[in-house]
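Asks: The numbering of the sequence shown is our numbering, which starts it at 550 and goes up by one.
The beta carbon of each residue, even a glycine, is placed where N, CA and C say it ideally should be.
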Amino acid sequence: MADGSTPPSVTAADEIAAARVWEKVRSRVTPMEWRGHAPLVARINQLKREKNAVVLAHNYMTAEVFHGVGDFVGDSLGLAREAARSDARIIVQAGVHFMAETSKVLCPEKTVLIPDQRAGCSLAASITAADVRLIRERHPGVPVVTYVNTTAAVKAETDICCTSANAVQVVEAIAAEFGVDRVILLPDEFLARNVARQTAIRILAWQGRCEVHERFTAQDIGEIREAWPDAEILVHPECPTEVVEAADFAGSTAAMSDYVLRRKPRQVVLITECSMADNLACDAPRTQFVRPCNLCPHMQRITLANIHDALLHERFEVTVDAAIAARARRSVQRMIDLPPPLVPARYDLARARHHVDVELL
Ligand code: 13P
Ligand code: SF4
Numbered sequence: 550m551a552d553g554s555t556p557p558s559v560t561a562a563d564e565i566a567a568a569r570v571w572e573k574v575r576s577r578v579t580p581m582e583w584r585g586h587a588p589l590v591a592r593i594n595q596l597k598r599e600k601n602a603v604v605l606a607h608n609y610m611t612a613e614v615f616h617g618v619g620d621f622v623g624d625s626l627g628l629a630r631e632a633a634r635s636d637a638r639i640i641v642q643a644g645v646h647f648m649a650e651t652s653k654v655l656c657p658e659k660t661v662l663i664p665d666q667r668a669g670c671s672l673a674a675s676i677t678a679a680d681v682r683l684i685r686e687r688h689p690g691v692p693v694v695t696y697v698n699t700t701a702a703v704k705a706e707t708d709i710c711c712t713s714a715n716a717v718q719v720v721e722a723i724a725a726e727f728g729v730d731r732v733i734l735l736p737d738e739f740l741a742r743n744v745a746r747q748t749a750i751r752i753l754a755w756q757g758r759c760e761v762h763e764r765f766t767a768q769d770i771g772e773i774r775e776a777w778p779d780a781e782i783l784v785h786p787e788c789p790t791e792v793v794e795a796a797d798f799a800g801s802t803a804a805m806s807d808y809v810l811r812r813k814p815r816q817v818v819l820i821t822e823c824s825m826a827d828n829l830a831c832d833a834p835r836t837q838f839v840r841p842c843n844l845c846p847h848m849q850r851i852t853l854a855n856i857h858d859a860l861l862h863e864r865f866e867v868t869v870d871a872a873i874a875a876r877a878r879r880s881v882q883r884m885i886d887l888p889p890p891l892v893p894a895r896y897d898l899a900r901a902r903h904h905v906d907v908e909l910l
C-alpha cells in the first residue's frame, strides 16, 4: 500500500464479485482504468465484511464506486432512510459531508466515516445556524423547512427537513400542521421557486445555489432540443425555473433514475451531475445518453482509494455535538416519518397551476 500498511487478504469470492462489477461497468470504464479499480473493489468488499461496515453511495458517485462497493445507492432521501435502518457498526458515506452528518445524526451510536473531509456542498455552505435564528426572529410563527443539503447545526434550528424528492409534500404537511399559509424553505432559491410553482402555500426563500445546477440555462435546453430532437430531457429541481419549465421531466436523482429504468427512452439527456448518466447507462444499455452535464467537484473527491483508506484506518470520523444532533434528528426524523410517495415526486412546471413567485428573505 502507498502508506506502507499491509493490505488485507482478498478471497476468491471477492475477486469473482469484482469481475461481475466489471461486466456491469465496462461500457463506462476503460480496461486500463479497471486494472487499477478491480483490486480495490475486492479489498473494500473484504474490509466491509471484516469490520461490519456498509457503504452508502449517492447517485453522483463514479461508476466504479456506485456499482463496485455501494451497499445502498440512491438519492439523499433514500440514503437517509438506509442510514436509519442500518445495523452495521460503520457507515462509510460515499457522498458529501452533509450526507455523512445526516447519517451520524440518525445513528449516533455508529462510526460514520467520510473518505475526504473536503467533500462539501455550495448549498450547505450558503447558510449558518445564526442565519436561521435571525430569520425565525423576523418571521415568528412561520414554519422553517430546510433542505437536507445543510449542516446539522442548521437542521437543528428548523422544524422539518426535506429533499428534492419530497419538498412539496413536506411544505404542505408542515403548513397544515401549523395552520398557516406561508412556509420558509431554505437554502436553495431555485428549489424553492420550483416548489412554489406547485403549491398554494406562499414560500419565503434564501438565495443559496447549487454550483452544479445553477449553471444550466434555458438556452442550453433549446440548443440540446435542436441538436437531439428525439431526446427526452430530464432535469434536477436545483436548476433555474426556466430550465425546469423547458424540460420533459424534473425530479430528484432517484426520480430521474426511475424514469429512465421504467420508461426506457431511446435517447435521454440528464441535466445534472455527470456521473449519474454513467451509473444509469450501466443499468439501461438500450438507452443512449446524450452528454451535456456538469461535474460536482465535491462528489468527485470520493474515490475507491480513499474509501479503502477510510475503512482500513477507520478515518475520517464525522462527529456532531450531542445536543445539536438531538435537535437535528427531530427535523430529519419528522421528514422520514412522512408516508413515502407512491411514485417519485416530479416537478411538472409546464402544467403548474400556481404562478406566485417566492418572497426572498
Ligand atoms: P438528490 O436528493 O436528488 O439525490 O440530490 C442531492 C444533491 O446533492 C443534488 O445536487
Ligand atoms: Fe451540493 Fe450541488 Fe454538489 Fe449536490 S451537486 S453536493 S447540491 S454542490
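Given a threshold of 16 other Cβ atoms within 10 Å of its Cβ, counted over all protein chains shown, does Arg746 qualify as buried or as exposed?
Replies: buried
Asks: Helix, strand or coil for Cys823? Go by DSSP, reduced to three states.
Replies: In this structure, Cys823 counts as helix in the three-state DSSP scheme.
Asks: Go ahead and pull the three-state DSSP assignment for Asn843.
Replies: Asn843: strand per DSSP, three-state reduction.
Asks: Does the Cβ of Met610 lie closer than 7 Å to at least one heavy atom of the ligand SF4?
Replies: no
Asks: Sort out for me which residues DSSP pairs Phe621 with in a bridge.
Replies: Beta-bridge partners assigned by DSSP to Phe621: Leu605.
Asks: Given Ile885, which residues of its chain have a CB within under 7 Å of its CB, disregarding the five upstream and five downstream residues?
Replies: Ala629, Arg630 and Ala633
Asks: Closer than 7 Å to a non-hydrogen atom of the ligand SF4 - does that hold for the CB of Ser806?
Replies: No, the ligand SF4 has no heavy atom inside 7 Å of this Cβ.
Asks: Sort out for me which residues DSSP pairs Asp636 with in a bridge.
Replies: Partner(s): none; Asp636 has no beta bridge.
Asks: Answer yes or no: do Asn608 and Asn828 have a C-beta to C-beta separation smaller than 8 Å?
Replies: With contacts defined as CB atoms closer than 8 Å, Asn608 and Asn828 qualify as a contacting pair.
Asks: Specify whether the stretch 783-794 and the stretch 808-823 touch according to this definition: at least 3 beta carbon pairs, one from each stretch, less than 8 Å apart.
Replies: yes
Asks: Determine the burial state of Asp832: buried for a count of at least 16 other Cβ atoms within 10 Å of its Cβ, exposed for fewer.
Replies: exposed
Asks: Under three-state DSSP, which class holds Ala643?
Replies: strand
Asks: Tell me whether the stretch 634-645 and the stretch 680-690 touch, counting them as touching only if at least three CB pairs, one residue from each stretch, are closer than 8 Å.
Replies: no
Asks: Would you list the one or two residues that DSSP bridges to Ile752?
Replies: Its beta-bridge partners are Val732.
Asks: With 16 as the cutoff for other CB atoms within 10 Å, does Asp870 come out buried or exposed?
Replies: Result: exposed.
Asks: Quick one: what does DSSP say Gln768 is sitting in, helix, strand or coil?
Replies: helix
Asks: Measuring only the C-alpha atoms, how far is Glu706 from Ala674?
Replies: 16 Å
Asks: With H, G and I counted as helix, E and B as strand and the rest as coil, what does DSSP make of Ala799?
Replies: Looking at Ala799 - three-state DSSP - the assignment turns out to be strand.
Asks: Is Val792 near the ligand 13P - that is, is its Cβ less than 7 Å away from at least one heavy atom of it?
Replies: No, the ligand 13P has no heavy atom inside 7 Å of this Cβ.
Asks: Return yes when the C-beta of Asn912 is under 7 Å from any heavy atom of the ligand SF4, and no when it is not.
Replies: As displayed, the chain neither begins before 550 nor continues past 910, which places residue 912 out of reach and without an answer.
Asks: So if DSSP puts Gly757 in a beta bridge, which residue, or which two residues, is it bridged to?
Replies: Asp737
Asks: For Glu721, which residues of its own chain have a beta-carbon under 7 Å away from its beta-carbon, when the five flanking residues on both sides are left out?
Replies: Thr748 and Ile750
Asks: Give a single yes or no on whether Leu672 has its beta carbon closer than 7 Å to a heavy atom of the ligand SF4.
Replies: yes
Asks: Answer with buried or exposed for Val905, where buried requires no fewer than 16 other C-beta atoms within 10 angstroms of its C-beta.
Replies: exposed
Asks: Helix, strand or coil, according to DSSP, for Val818 in the structure here?
Replies: strand
Asks: What I want to know is whether the C-beta of His646 ends up closer than 7 Å to one or more non-hydrogen atoms of the ligand FMN.
Replies: The ligand FMN is not part of the structure shown, which contains the ligand 13P and the ligand SF4 as its ligands.
Asks: Rounding to the nearest angstrom, what Cα-Cα distance links Asp563 and Arg879 in this structure?
Replies: 39 Å
Asks: Take Gly644 and list the residues in its own chain whose beta-carbon comes closer than 6 Å to its own, dropping the five residues that flank it on each side.
Replies: His607
Asks: What do you reckon, are the CB atoms on Val590 and Leu853 nearer than 8 Å?
Replies: yes
Asks: By DSSP, does Cys656 sit in helix, in strand, or in coil?
Replies: coil
Asks: From the DSSP output, which residues share a beta bridge with Glu791?
Replies: According to DSSP, Glu791 bridges with nothing at all.
Asks: Just grab the DSSP bridge partners of Tyr696 for me.
Replies: Partner(s): Cys711.
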